[in-house]
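Notes to accompany the following structure.
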Amino acid sequence: MALLDITALDAFYGDFQALFGLDLTVGRGETLAIIGANGAGKSTLLKTITGLIPARREAVRFDGEPIGGLPAADIMRRGIAMVPEGRKLFPSLTVEENLLVGGWGRKGSGRWSLAALYELFPILGARRNSPGTALSGGQQQMVAIGRALISNPSLLLCDEISLGLAPIVIRDVYACLPSIRAEGTAIVLVEQDIVQALAVADRVVCLQEGRATLEGRPAELSREAIQHAYFGD
Amino acid sequence: MSILASAERVPAERERHYRVATGTRASTIAGLLAALVLAGLAALPLLAGRGLVQDLFTVFTMLALAQYWNLLAGFAGLVSVGQQAYVGLGAYLLFGLTAAAGLDPVLAILLAGVGAVVVAVPTAFVVFRLRSAYFAIGTWVVAEVFRLVLAQVKSLGGGTGMSLPREVTNDSALVRLTAELLGLRTAAARDVASYWLALALAAGTIAFVYAVLRSRRGLALAAIRDSETAALSVGVDAFRLKLQVYLVAAFGTGLTGALIYFQKARISPDAAFSVLDWTAYVLFIVVIGGLGSIEGPIVGVAVFYLLQDQLAGFGSWYLMLLGLIAILVMRFFPKGLWGSIAHRFDLSLFPIRRHLVPRDGTATHPLSSQGGDHD
Amino acid sequence: MLLELKDVRKAYGSLVVTDGVSLSVTEGEALGVIGPNGAGKTTLFALITGAVKPDAGAIRLDGRDITAMPAAQRCRAGICRSHQIPHPFETLTVFENLLVAACFGRAMREAEAADWCVEVLALTGLLAKANRLGGTLTLLDRKRLEMARALATRPRLLLLDEIAGGLTSAECEALVGTIRTIHAGGTTIVWIEHIVHALLAVVGRLTVLNFGRKIAEGEARSVIGLPEVRDIYLGSPV
Amino acid sequence: PGVRAASSIKLGYVSPRTGPLAAFGEADDFVIKGFLETVKSGLKLGDATYAVDVVVKDSQSNPNRAAEVAKELIVKDAVDIILVSSTPETTNPVATQAEIEEVPCISTVAPWQPYFIGRQSNPADPKSWTPFNSTFHFFWGLEDVIAVFTNMWGQLATNKSVGGLFPNDGDGNAWGDANVGFPPVLAKLGYRLTDPGRYQNLTDDFSAQIAAFRKAEVDIVTGVVIPPDFTTFWTQASQKGFRPKVASVGKALLFPVAVEALGKAGHNLSSEVWWTPTHPFKSSLTGASAAEIGAAYQQATGKPWTQPIGFAHALFEVAIDALKRSADPKDAKATIAAIGATSLDTLVGPIRFGQETVPPFARKNVAKTPLVGGQWRLGSDGKYQIVVTDNQTAPQIPIGGQMQAIA
Amino acid sequence: MATLFDILVQGTLLGGLYALFAAGLSLIFGVMRLVNLAHGDLIVLAAFLILVLARALGLHPIAAALLCLPAMAVLGYVLQRGVLDAVLGRDILPPLLTTFGISIIVQNGLLQAFSADSQRLSAGALETASLPVGGGLAIGVLPLATFVTAVLVIVGLNAVFYATPLGRAFRAVSDDPATAQLMGIDPRTLFGLAMGLALAVSAIAALFLGIRANFDPTIGPARLIFAFEAVIIGGLGSLWGTLAGGIVLGIAQTLGAAVNPEWQILSGHLAFLVVLVLKPRGLFPRAGE
Ligand SMILES: Nc1ncnc2c1ncn2[C@@H]1O[C@H](COP(=O)(O)OP(=O)(O)OP(=O)(O)O)[C@@H](O)[C@H]1O
Ligand SMILES: Nc1ncnc2c1ncn2[C@@H]1O[C@H](COP(=O)(O)OP(=O)(O)OP(=O)(O)O)[C@@H](O)[C@H]1O
Ligand SMILES: CC(C)C[C@H](N)C(=O)O
Ligand SMILES: [Mg+2]
Ligand SMILES: [Mg+2]
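Chains as they are written, first to last, in our numbering: chain A, 164 to 396; chain B, -18 to 356; chain C, 637 to 874; chain D, 6 to 412; chain E, 1305 to 1593.
So this is what it looks like as structure tokens:
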């Protein structure tokens, strides 16, 4: 049984439909990359999984249970964590508190603790008592990732985590993904940077205007196929 | 002067294909109707009884207060809980200028507005250091300071208050003129004169606010509301603009306060600086009607007035109902009654949105205003 | 010299974010700024536009000291920026977003401003979305809007902060084309960008910041090749 | 039955029914109901019989609202007379409207100075004071309460050092006024008054006043204080060990509940008494005695009697009496003339305008009713009773006991 | 000297009272950005509840307050979930108007139920007990108890806020409810808890209000402005700041009164304005404001 099982998912912003009957699965421990042009519906998909946008109950199943449209907090407590687009740190919490709050009321134990995170991102340890938002963009991204990891989720959702990072940091962030996978955590990676995404993903799904237009293993996909799936023609 | 390379001037011809439109059909009809209604209202005292004239006086003055408060809170983002400061100030200026200095009340009312601005300038430098909730409470405290200070002025009645003598209320040139013109008793003529002043005030206020909103300043106000950081970085001097709005609101509120108390003829610090009457109810009117639109306060004042007129006799039950209505409207129509209607039917009687529309047939691009279209 | 920074310093508490940076930008050039996250690049823009006041040092425009000039006035003097995190005017249409900038950033009359805005909309590819509300735009369009709005003020000095992040390669190419057009029209550009190849396609000169200090400056290709730049920023050769 | 609907008399009645002053309006329903009962078969005036209607308006304890409802009564309900009661905050805005509109207005339950002087355009300048044309008031005045208080104090041995608590409101300014208030009279009678200054109502701390009183070794505390402030003051005084021999305070001690709120510390506090069921007066409308009306109130509401009952009732007495004497009850001018000529024995005593007991400038508009002094005594049942302890100002009202110093 | 000392002591104790009124306000201001205009009326409601409990069960008001505390907490939770949740948002006006509605409903509901009579919680000897401090001066036990309670409440709330996971969650939700949900935090539950906590504190404030002086259904709003001033002087969301703000206000008032009682309330307001002109975000502004 897949960890996450999405069937015939529609999503709306008011009258505007952003996703059309999407089907998708994520296996346990699998890394899935979601790619697609701007406005294709990638962020919308993640928001629907996390319950920030309503969905039909049966359209999203996690661990075998239907979770579509449940309150976000309920969903996240079941072992899903998210690194939101734009980082979204809590300004009145320090770096350390931002990390800790990620573990609020969630199940899951495992490798990720404060100490382990400071090992992964030493700069955060050095600035643990600064307000989270006083950090630079890249540092904030690290906090956002750490905040998601600390709950030791079985599914980690990442929305454009390389956005706005210095090349060297992108490399570091991507370098930490294998150690996250090694813990058995499944990852859904929404990414513009196709090269990066394909390098770490087990499987790729391409979205175009709210529909999946391509799916496969990175090695099997040709450049042309991706190009076509991205923009249609 | 173009920063674009001269080679790129060719597409610049494009601008000739578009024009900027503001009006809607509803607004044109509304404009015509408004003119008719205004004429009718001006003639009303000739036809209707004193009761109606009296009610409309209250409605118009509350409407003026609501429009100025809406200008502050709804358009400039300055949520003040202290506009009673200027109602009270205007009122006290009226009393001081007429009873003590012997001016004609109509002149005194105008000067009261000016006086309110004079006081508002230094006040602004205190309250403008504060933002959002700080600003709200700060303005309230300032109004309390005004109240407490005026309560010390013995020649204006101190904490006891004072009444306008009959010579002031009844012997104004305008009142005498009205009495002669319509052949009325003095007391009734005073009502009619006040009514005309209130009508002029309310209509003038709406016209003025509308003109501001359609101007570049209105645009800049909206920009500041959305993001002050961005507004500053494109050259909008937010401080100056907000200051201007604050001063205009002080002027209008002071003027209205003076007119209200010309009619009440009695003043005391607690009454003139009442946060309940001159801010809480005004806030109720604006927010129930719909913040940030000109129509909102009009709808709000109608609702408020009807409730009071029909139900005030029920004492505390009426007040509880008022509370309940506030809660329910906020619960189900958070944009206010007009806000919800306008949203639902895409209606605007005072349109301010500038649309770029193709000149007939020549446009190179179709323009859509839908929320989610793709190209 | 269009813009000059002299020993500019800014600290938040004990954290020195801009540590005595001096910088000159000549009229008509395009300068790139790179550096690790947190190096102080965005802060540098905030100092230039007046959103943040320096603790020490001087900022000059055309040789005139503008260190104490308020932000809005600097815009009218010809400096305008785009924000790293877009701040569209959400309740205004795209067209109105630009109109504010043209009316206030360059004190144009409204009619003149409207024509100018249409021109900028066309250039930045936003014309078809002119009547959409700023709040309904996608990230890409928000970024376009940031740039278009800055452009609407007819700046002499245009500051762009991470405008290419999150774009597909095709979108990125289109953007580079637009920026080159603007530059070719005579506008001076300073561009902060982590997408280095896009940056190199436009700028001639590059400044590298690290921990609030300028650590390298010069002709773009040669700066990129410096080993210290690779160590602290690129991680691998481009 | 037998009432011709075509001609009716409308009385407007304004009082605070909600808000901070609502305690004053609590007896209104009872009084109005009784009045309507009395006139239910119509009022015979001259040859015609009129139906009588009372339009009741709530001032919400708010002067702005009071002015508004007065205007409504005049222009919409077209009432023939406006009756208004309870504190200058209510009477003054209403009377001001009536004066402008030339509608007859009768008011009560506010000492006449804040009513008369407070409605002048320059209350600070006695020379500018002018009488009113159509508005009339009956109650007692400061000179009466001063006499009553000093008479009570005279019954006890004190050092004649008095501390005054006067707020900056209509009552407080009048009581503390250097010309018409307590200070000149007290000085004449050999009392030393310590008046720290006008405080705002709902003050949370009286330590400054207490310190000043202690410094002056005050034996007697007086003033006109709203109930919560007096409790704050009195409690704080006890905490700081300040224990005067006498405390004679207006307003705070009018209602039994307010005194009960003080617990044991309410014993022997003294207050002015304007009306009690033991007053030897009868209603000119129904003939019922004060005792009967007091008992009827307790029976109807289950609550102890309060002083405003008598005055609310008397408002209707004066109105009906004037209408009966009016040359034309539907003509305001005639009714105003009739009110001005009132000479009536009412439930609160005789009411006559134009008497020498009122200074010439206010004589036309003001009639005075008798005032005595009393002390609250804690009964064995744990309930407080007010006992009239001084009647030198109105000997017709029987005394219930002698003044006692506060323990 | 002795008088100056007395003024400062009385002012500080008065500040304790204001801080106690303000603590609950500060808490929900900090967590939900809710400007609660009904706060004063809810305190009065709690006072009536204590009164009823004390009378019906023959309890000492302190015991009755202990019973009232959970009742108010539940009321707070219900009020938040049932009414206020729906109107909270970026805009401060809908909640402002809603709490104004609650305010007049509570006021007039109490007026219907209890009439306008003023009431008091009788605490016997405690009301007037005092401790002599030498120099002929005495400090009332009740004001002292009020002050100590205010400090304890602030210490307690502060500990909850800055040293517990719950407090972290409170602050996270207050910054960004949508993102907080992604941490598994249910904002509605937390807001409910915050309001429950705030009203529990208001039950304590009600106890001291009711013993100290009379209350009646309409007395709530009168002290609201002082409570707001205390919160703002201290800096939004800072509980210690609220205590400091209360004390600044209290001392300013007693100092002003010592010059002339006319200046008492006015000097409190002027002190407020002076503090804010010098420090526009209050004495202890919170990071990221
Ligand atoms: N709050 C919203 N209201 C209305 N429409 C929205 C909203 N958010 C997104 N959309 C629309 O939904 C569609 C999908 O948007 P989504 O954010 O999921 O795209 P994305 O694939 O994540 O793009 P990007 O790469 O720009 O992040 C877009 O057309 C967008 O305009
Ligand atoms: N308001 C502030 N208060 C405290 N520290 C701040 C503040 N703003 C920025 N900083 C700090 O200043 C440093 C520089 O920030 P800045 O945003 O200028 O970096 P940057 O070079 O633009 O980084 P990025 O590439 O990630 O956008 C960072 O360490 C950041 O934490
Ligand atoms: C209505 C009142 C205020 C009456 C008067 N002031 C009194 O002390 O009794
Ligand atoms: Mg996205
Ligand atoms: Mg940056």
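Here a beta-carbon is modelled for each residue, glycine too, at the ideal position from N, C-alpha and C.
Distance, residue 322 (chain D) Cα to residue 291 (chain D) Cα: Counted from its first residue, the fourth sequence places residue 291 (chain D) at position 286. Counted from its first residue, the fourth sequence places residue 322 (chain D) at position 317. If I take the Cα positions, the gap works out to 9 Å.
Alpha-carbon to alpha-carbon, residue 178 (chain B) and residue 17 (chain B): Locating residue 17 (chain B) in the second sequence gives position 36, where the first residue counts as 1. Locating residue 178 (chain B) in the second sequence gives position 197, where the first residue counts as 1. Cα to Cα, residue 17 (chain B) sits roughly 18 Å from residue 178 (chain B).
Residue environment, residue 287 (chain B), which counts as buried when at least 16 other CB atoms sit within 10 Å: In the second sequence, residue 287 (chain B) corresponds to position 306, counting from 1. Exposed, because fewer than 16 other Cβ atoms sit within 10 Å of the Cβ of residue 287 (chain B).
Meets three-Cβ-pair contact criterion under 8 Å: the segment 212 to 230 of chain A and the segment 251 to 264 of chain A: no
heavy atom of ligand 1 below 6 Å from residue 810 (chain C) C-beta: Stepping through the third sequence from its first residue, residue 810 (chain C) is reached at position 174. No, ligand 1 has no heavy atom inside 6 Å of this Cβ.
Residue 193 (chain A) (DSSP reduced to helix, strand or coil): As a position in the first sequence, residue 193 (chain A) is number 30, starting the count at 1. Correct three-state label for residue 193 (chain A): coil.
Within-7 Å CB hit, residue 305 (chain A) to chain E: Locating residue 305 (chain A) in the first sequence gives position 142, counting from the first residue. No, because no Cβ of chain E sits closer than 7 Å to the Cβ of residue 305 (chain A).
Start-end ranges of the alpha helix (DSSP H) lying completely within the segment 656 to 739 of chain C, minimum 4 residues: 677 to 685, 707 to 712 and 730 to 736
heavy atom of ligand 2 below 6 Å from residue 298 (chain A) C-beta: Against the first sequence, residue 298 (chain A) aligns to sequence position 135. Under cutoff, so the answer is yes.
Near ligand 1: residue 201 (chain A) beta-carbon under 6 Å from a heavy atom: Sequence index remark: in the first sequence, residue 201 (chain A) carries index 38 (1-based). Under cutoff, so the answer is yes.
Beta-carbon gap between residue 393 (chain D) and residue 405 (chain D) smaller than 7 Å: Taking the first residue of the fourth sequence as 1, we reach residue 393 (chain D) at position 388. Taking the first residue of the fourth sequence as 1, we reach residue 405 (chain D) at position 400. The answer is yes: Cβ separation under 7 Å.
Length of the line joining the Cα atoms of residue 75 (chain D) and residue 103 (chain D): Position 70 of the fourth sequence, counting from 1, holds the residue named residue 75 (chain D). Position 98 of the fourth sequence, counting from 1, holds the residue named residue 103 (chain D). Between residue 75 (chain D) and residue 103 (chain D), the C-alpha separation is close to 7 Å.
Spatial neighbours of residue 118 (chain D) in its chain, beta-carbon cut-off 7 Å, leaving aside the 5 residues before and after: On the fourth sequence, position 113 is the one that residue 118 (chain D) refers to. Cβ neighbours of residue 118 (chain D) beyond the five flanking positions: 146, 147, 179 and 185.
Three-state secondary structure (DSSP) of residue 397 (chain D): The residue given as residue 397 (chain D) occupies position 392 in the fourth sequence. Coil, per DSSP.
Rounded separation between residue 1440 (chain E) and residue 245 (chain D) - CA only: Position 136 of the fifth sequence, counting from 1, holds the residue named residue 1440 (chain E). Position 240 of the fourth sequence, counting from 1, holds the residue named residue 245 (chain D). Approximately 9 Å, taken between the alpha carbons.
Reduced DSSP category for residue 259 (chain B) - H, G, I as helix; E, B as strand; rest coil: Reading the second sequence from its first residue, position 278 is the one you call residue 259 (chain B). Here residue 259 (chain B) sits in helix by DSSP.
Helix, strand or coil at residue 1323 (chain E) [DSSP, three-state]: As a first step, residue 1323 (chain E) must be located in the fifth sequence, where it is residue number 19. In the structure shown, residue 1323 (chain E) sits in a helix (DSSP, three-state: H, G or I).
Cα-Cα separation between residue 1596 (chain E) and residue 266 (chain B), rounded to whole angstroms: In the structure as shown, chain E begins at 1305 and stops at 1593. Residue 1596 (chain E) is therefore absent and cannot be evaluated.
Cutoff 7 Å: residue 296 (chain B) Cβ touching any chain D Cβ: In the second sequence, residue 296 (chain B) corresponds to position 315, counting from 1. Closer than 7 Å to some Cβ of chain D, the Cβ of residue 296 (chain B) qualifies, so yes.
Those residues which DSSP pairs with residue 380 (chain D) across a bridge: Numbered from its first residue, the fourth sequence carries residue 380 (chain D) at position 375. DSSP lists D:275 and D:392 as partners of residue 380 (chain D).
Residue burial classification, residue 1360 (chain E) (beta-carbon count within 10 angstroms, cutoff 16): Position 56 of the fifth sequence, counting from 1, holds the residue named residue 1360 (chain E). By the neighbour-count rule (16 or more Cβ atoms within 10 Å), residue 1360 (chain E) is not buried but exposed.
Within chain E, partners of residue 98 (chain D) - CB distance below 7 Å: As a first step, residue 98 (chain D) is located in the fourth sequence; it is residue number 93 there, counting from the start. The contacting residues do not exist; residue 98 (chain D) stays about 19 Å from chain E at best.
Residue 210 (chain B) beta carbon near ligand 5 (any heavy atom closer than 6 Å): Stepping through the second sequence from its first residue, residue 210 (chain B) is reached at position 229. Not so, every heavy atom of ligand 5 lies at least 6 Å from the Cβ.
Whether residue 225 (chain A) touches residue 374 (chain A) by CB criterion (7 Å): Looking up residue 225 (chain A) in the first sequence gives position 62. Looking up residue 374 (chain A) in the first sequence gives position 211. Result no, Cβ atoms of residue 225 (chain A) and residue 374 (chain A) do not sit closer than 7 Å.
Proximity below 7 Å, CB of residue 57 (chain D) to CB of residue 44 (chain D): Locating residue 57 (chain D) in the fourth sequence gives position 52, counting from the first residue. Locating residue 44 (chain D) in the fourth sequence gives position 39, counting from the first residue. A contact, by the Cβ cut-off of 7 Å.
Which listed residue (B:34, B:168, B:74 and B:57) has its alpha carbon closest to that of residue 230 (chain B): Working through the second sequence from its first residue, we reach residue 230 (chain B) at position 249. The candidate whose alpha carbon is nearest that of residue 230 (chain B) is B:57.
Contact the segment 1342 to 1351 of chain E vs the segment 1395 to 1410 of chain E: 3+ CB pairs below 8 Å: yes
Residue burial classification, residue 42 (chain D) (beta-carbon count within 10 angstroms, cutoff 16): Taking the first residue of the fourth sequence as position 1, residue 42 (chain D) is located at position 37. Residue 42 (chain D) is exposed by the Cβ-count criterion.
Buried versus exposed, by CB contacts within 10 Å (16 or more), residue 12 (chain B): Taking the second sequence and counting its residues from 1, one reaches residue 12 (chain B) at position 31. By the 10 Å Cβ count, residue 12 (chain B) comes out exposed.
Beta carbon proximity, residue 723 (chain C) to chain B, threshold 7 Å: Here residue 723 (chain C) refers to the residue found at position 87 of the third sequence. It does: the Cβ of residue 723 (chain C) has a partner Cβ on chain B nearer than 7 Å.
Beta-carbon proximity list for residue 1353 (chain E), same chain, < 6 Å, skipping 5 on both sides: Locating residue 1353 (chain E) in the fifth sequence gives position 49, where the first residue counts as 1. So the qualifying residues of the chain are 1372.
Cβ neighbour criterion (16 or more within 10 Å) applied to residue 10 (chain B): As a working mapping, residue 10 (chain B) is identified with position 29 in the second sequence. Flag for residue 10 (chain B) reads exposed.
Per-residue contacts from residue 150 (chain B) into chain D (C-beta, under 7 Å): Numbered from its first residue, the second sequence carries residue 150 (chain B) at position 169. Chain D residues near residue 150 (chain B): 105.
Beta-carbon neighbours of residue 251 (chain B), restricted to chain D and to distances below 7 Å: On the second sequence, residue 251 (chain B) is found 270 positions in, with the first residue counted as 1. Going along chain D in sequence order, the residues near residue 251 (chain B) (Cβ under 7 Å) are 68.
Per DSSP, cross-strand counterpart(s) of residue 294 (chain A): Looking up residue 294 (chain A) in the first sequence gives position 131. A:257, per the DSSP bridge assignment.
At least 3 beta-carbon pairs within less than 8 Å: the segment 161 to 172 of chain D vs the segment 219 to 230 of chain D: yes
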